[in-house]
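Student: Let me give you the structure first, and then I'll get to my questions.
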Amino acid sequence: MDDFSSILRNTSQFNPINSVQVGICRGALGELFQGPSEHTSGEIVIISSLIPQYSRVYFTPVKKLQGSIKEYKKYFLNDPEHNKAFRALDIFCRYKQLNWPIGKWEFNSDLEVARGMASSTADIVAIIRCVANYYKESLSLKQLLQILFEIERSDSVFLETPTLFCSSHHRIIKQFKKFPPIYALFMHENETINTDDTKLILLEHYQKNKSHYSRLYQDVIEQFTCQNTKAICQLSTRSSELSQKVIPKLSFHQVHQKMGEFQADGIITAHTGSAIGYLYCQRPDIKTIESVSLFFKKFNGDWIMIFPHIADAIKTPHIIHLKNNLYVARFESMKIYSTLAAVEMLLNKNLIKPNDTLLDSSSGIYAYALALACQKYQLKCHIIASKTVDKTLKTQLEIMGATVEPAASAPNLKMDQENRVKRIQEILKQRDDIHWMQQYHDEIHYLGYQEFSNLIINNFDSPQMTIVGGVGSGCSTGAITTFLREAGVATELHGIQPFGSMTFNSQHIEDPGIIIAGIGSAIPFKNVRYELYDHIHWISFDYSSAGANHLLKKYGIFAGLSSGSCYTVANWCHSDFKHPCLFIAADMGHRYIEPVFQNQSNYPDPETLQPLIVNSPEQMQLPWSCIKWARNSQLTMPRKSVNS
């Protein structure tokens with residue numbers, strides 16, 4: 001068979017970007033009701049709970065096909081992950097007498113597979129909508145239902161209102177009017193369920209409990225028709241309770257017991273999935289969300305989570321409530337998010353392959369993250385290391401198989417970064433089996449932080465947030481804020497820089513103690529998007545060290561020097577906010593023991609510190625200056641006061 005993945009590599013074949021088409025379908029959080037049909041014998045009916053999480057399918061056409069159309073179709077129809085979606089594409093093209101579209105297909109989904117979130121149905125509907133958009137063909141509901149009927153038992157997530165739906169015969173029994181929103185706090189149990197194998201055992205269960213389901217069915221019709229959200233939540237609980245007799249949730253009894261304590265209006269489950277959670281007719285407040293989150297966290301602790309690699313296990317931070325509305329996202333190593341996502345995309349696009357060498361420069365955190373990603377995906381790793389990469393980290397990198405090459409000795413940050421870039425250029429000229437990751441310049445490093453942004457949204461459920469974090473390459477704070485704002489969260493971003501960094505014009509001031517090179521820049525970084533930042537803070541080594549020591553002394557949080565910078569700034573600015581303020585603790589404190597933590601008595605109390613508010617570069621001075629950047633898109637210093 002021809003290797004049609006070569007199409008994805010040969011970008012010269014692509015038509016202009018405006019030819020890209022997209023199809024979208026929302027998913028579900030289980031079912032508000034599932035039971036036997038009162039209209040058709042041997043049929044399962046459901047009312048899916050529609051949620052604002054989506055499956056997206058993108059199609060980019062190419063000018064010509066390399067190989068035969070028969071082999072091209074076979075290549076995609078044999079895709080183990082998306083074969084149902086491509087079967088749907090094939091059926092649609094036959095119905096409409098269309099040729100298969102030739103090009104690159106990309107799937108992007110918020111929906112977890114085999115969890116009861118209708119991920120398969122959403123993929124099918126999304127790809128059909130995508131190809132219909134591409135050919136400018138109409139797509140009737142009847143046609144969509146017929147295609148689904150030929151492939152699998154489905155959910156009704158392609159409809160915009162709650163619907164009583166025959167999931168095998170794909171028949172709409174009754175569509176209800178939209179009712180006020182119902183809110184859910186949920187978790188996933190560890191087990192996934194193959195929904196293809198559940199129909200027979202469900203029908204047998206329905207027959208044994210016929211009288212219970214008959215009463216429930218009539219109540220469902222009545223309460224959904226009159227839009228009684230309180231009663232709908234109670235019906236969802238009854239449906240979930242009945243489902244326990246056939247496909248039980250291990251946590252259901254404990255979750256049910258806590259309903260009153262958490263003031264929930266009902267329980268929802270994915271009847272043939274892993275989701276279980278609480279329903280609320282009114283948006284739960286932050287205290288309720290915190291309490292439920294802790295309960296789910298403790299309950300999940302009853303199982304041992306098994307990860308495919310250590311990088312997957314440690315990439316997610318712990319979010320810790322310090323005081324009032326001040327929170328910290330404490331990472332073991334933050335950039336694992338960006339490196340895993342970047343390497344996965346490069347592999348998926350066949351831009352790199354196993355045993356290739358990934359090259360980049362780093363002052364510490366990124367080197368560790370890249371080495372982990374390379375180990376996971378059987379790639380080689382070459383790091384041009386800053387002088388801030390200490391012996392402990394260097395040893396870890398080398399044992400994992402990375403080549404760690406120190407940059408030429410330099411007296412300051414600027415020359416250190418220039419020497420690293422110069423050495424990379426030399427290596428690229430010498431070898432053709434190298435892929436330069438360009439953490440400072442390639443926007444692919446933004447992608448991984450969407451997962452963390454979703455975690456923030458799910459934990460806080462707040463319409464407004466303040467984020468405090470180091471600027472660095474621009475990817476972490478920039479990406480987090482971008483995804484939060486795209487999701488509708490009004491996000492204020494405080495970016496932190498060391499003195500001497502050129503990214504926001506402090507290169508004329510040198511901090512003699514600086515060793516936090518990772519959040520600054522001595523060369524231009526293309527990934528820094530200036531228009532994302534509301535405030536910029538320049539903070540000294542001493543004030544950063546004060547923050548790191550205070551974090552450990554008062555809260556037991558052992559974190560790095562940039563974390564101390566973020567804490568000092570967040571501790572100052574959070575008191576003015578009624579919404580959550582979350583600061584980033586990007587790594588652990590081990591490599592800062594001698595310079596930071598052994599001189600704690602010499603540092604001021606960060607809770608007493610205040611910045612100098614400046615309006616221009618000339619006014620900036622040690623140890624801490626702050627300006628209202630006001631999302632200015634240019635590398636120029638705004639003239640507005642921070643209080644204006």
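Following the working numbering, the numbering of the sequence shown begins with 1 at its first residue and continues without gaps.
Think of the CB as a built atom: it goes at the ideal place given N, C-alpha and C, for glycine as much as any other residue.
Predicted model only: the values in this text are computed from it and were never measured.
1. When DSSP builds the beta bridges, which residues end up paired with residue 21?
2. Using a Cβ-Cβ cut-off of 7 Å (strictly less than) and excluding sequence neighbours within five positions of residue 547, which residues of its own chain qualify?
3. DSSP three-state label for residue 617, please.
4. Could you pull the start and end residues of the alpha helix (DSSP H) that residue 339 belongs to?
5. Hey, would you say residue 131 sits closer than 9 Å to residue 93, going by beta carbons?
6. Using CA coordinates, which residue listed in 219, 232 and 272 is at the minimum distance from residue 245?
7. Rounded to whole angstroms, what's the CA-CA distance from residue 476 to residue 446? Just pull it up for me.
8. Is the CB-CB distance between residue 25 and residue 151 below 9 Å?
9. With 16 as the cutoff for other CB atoms within 10 Å, does residue 527 come out buried or exposed?
10. On the criterion of 16 or more Cβ atoms from any shown chain inside 10 Å, does residue 129 qualify as buried, or is it exposed?
11. Can you give, in chain order, each stretch of the beta strand (DSSP E) that sits fully within the segment 367–397 and has at least 3 residues?
12. Looking at the unbroken alpha helix (DSSP H) that takes in residue 565, where does it start and where does it end?
13. Using the Cα positions of residue 631 and residue 532, report the straight-line distance between them to the nearest angstrom.
14. Is the beta carbon of residue 493 less than 9 Å from the beta carbon of residue 534?
15. Who does residue 537 pair with in a DSSP beta bridge?
16. Restricting to Cα atoms, I'd like to know which of 147, 609 and 580 is closest to residue 285.
17. Enumerate in chain order the residues of its own chain whose CB-to-CB distance from residue 379 is below 8 Å, with the five nearest sequence positions on each side excluded.
18. Hey, could you find the ends of the beta strand (DSSP E) residue 468 is sitting in?
19. Rounded to the nearest angstrom, what separates residue 60 and residue 206 at their Cα positions?
20. Tell me whether residue 631 sits in a helix, a strand or coil according to DSSP, three-state version.
21. Nearest to residue 584 by alpha carbon, out of 593, 571 and 595?
22. Just the Cα atoms here: how many angstroms apart are residue 215 and residue 270?
23. From the DSSP output, in three-state form, read off residue 264 for me.
24. Under 9 Å, do residue 250 and residue 264 count as touching if we go by C-beta distance?
25. Are the segment 427–438 and the segment 551–560 touching by the rule of at least three beta carbon pairs closer than 8 Å?
26. Could you give the distance in angstroms between the alpha-carbon of residue 559 and the alpha-carbon of residue 596?
27. Given a threshold of 16 other Cβ atoms within 10 Å of its Cβ, counted over all protein chains shown, does residue 573 qualify as buried or as exposed?
28. Would you report the Cα separation of residue 172 and residue 160, rounded to the nearest angstrom?
29. At 4 residues or longer, what runs of the alpha helix (DSSP H) sit wholly inside the segment 52–106?
30. Alpha carbon to alpha carbon, how far is residue 138 from residue 303? Give it in angstroms, no decimals.
31. Quick check on residue 360: does DSSP put it in helix, strand or coil?
32. Determine whether the beta carbon atoms of residue 502 and residue 332 lie at a separation below 9 Å.
33. Go through the segment 139–201 residue by residue and report every complete run of the beta strand (DSSP E) that reaches 3 residues or more, in order.
34. Which same chain residues end up closer than 7 Å to residue 604 when comparing Cβ atoms and leaving out the 5 residues on each side of it in sequence?
35. Report the rounded CA-to-CA distance for residue 338 versus residue 438, giving the unit in angstroms.
36. Sorted by chain position, which residues of the same chain lie with C-beta nearer than 7 Å to residue 77's C-beta, five sequence neighbours on each side aside?
Tutor: So, from the data block:
1. Under DSSP, residue 21 forms a beta bridge with 59.
2. Within the same chain, residue 547 has close Cβ partners 564, 565, 567, 568 and 606.
3. In this structure, residue 617 counts as helix in the three-state DSSP scheme.
4. Unbroken alpha helix (DSSP H) run through residue 339: 336–348.
5. With respect to the 9 Å criterion, residue 131 and residue 93 are classified as neighbours on the basis of their beta carbons.
6. Ranking 219, 232 and 272 by Cα distance to residue 245 puts 272 first.
7. For residue 476 and residue 446, the distance between alpha carbons rounds to 7 Å.
8. No; because the gap between Cβ atoms is not below 9 Å, this pair is not in contact.
9. A buried status is given to residue 527, since no fewer than 16 other beta-carbon atoms sit within 10 Å of its beta-carbon.
10. Buried, by the Cβ-count rule.
11. Qualifying beta strand (DSSP E) stretches, in chain order: 380–385.
12. Under the DSSP assignment, residue 565 falls in the alpha helix (DSSP H) whose first and last residues are 561–573.
13. Distance between the alpha carbons of residue 631 and residue 532 is about 5 Å.
14. Cβ atoms of residue 493 and residue 534: closer than 9 Å.
15. Bridge pairing for residue 537: 496 and 626 [DSSP].
16. Comparing Cα-Cα distances from residue 285 to each of 147, 609 and 580, the minimum goes to 580.
17. Around residue 379: 343, 352, 354, 355, 356, 357, 358 and 373.
18. Unbroken beta strand (DSSP E) run through residue 468: 464–470.
19. Cα to Cα, the separation comes out at about 46 Å.
20. In this structure, residue 631 counts as coil in the three-state DSSP scheme.
21. Residue nearest to residue 584 within the set 593, 571 and 595 is 571 (criterion: CA-CA distance).
22. Cα to Cα, residue 215 sits roughly 21 Å from residue 270.
23. Annotated three-state conformation of residue 264 is coil, per DSSP.
24. Cβ distance not < 9 Å, so residue 250 and residue 264 don't count as in contact.
25. Verdict: no, contact absent.
26. When rounded, the distance between both Cα atoms is 11 Å.
27. Its Cβ being crowded by 16 or more others within 10 Å, residue 573 is buried.
28. Those two C-alpha atoms are separated by around 13 Å.
29. List check, alpha helix (DSSP H) in window: 69–77 and 83–96.
30. Bear in mind that the predicted position of residue 303 carries a pLDDT of just 45, short of 50, making it unreliable; the figure below should be weighed with that in mind. If you take the alpha carbons of residue 303 and residue 138, they lie about 48 Å apart.
31. DSSP places residue 360 in strand when its eight states are reduced to three.
32. Not closer than 9 Å, so no.
33. Counting only runs of 3 or more, we get 163–166, 171–175 and 183–188.
34. Around residue 604: 546.
35. Roughly 12 Å between the two C-alpha positions.
36. The residues 83, 86, 87 and 90, in chain order, have a CB closer than 7 Å to that of residue 77 in the same chain once the five nearest residues on each side in sequence are set aside.
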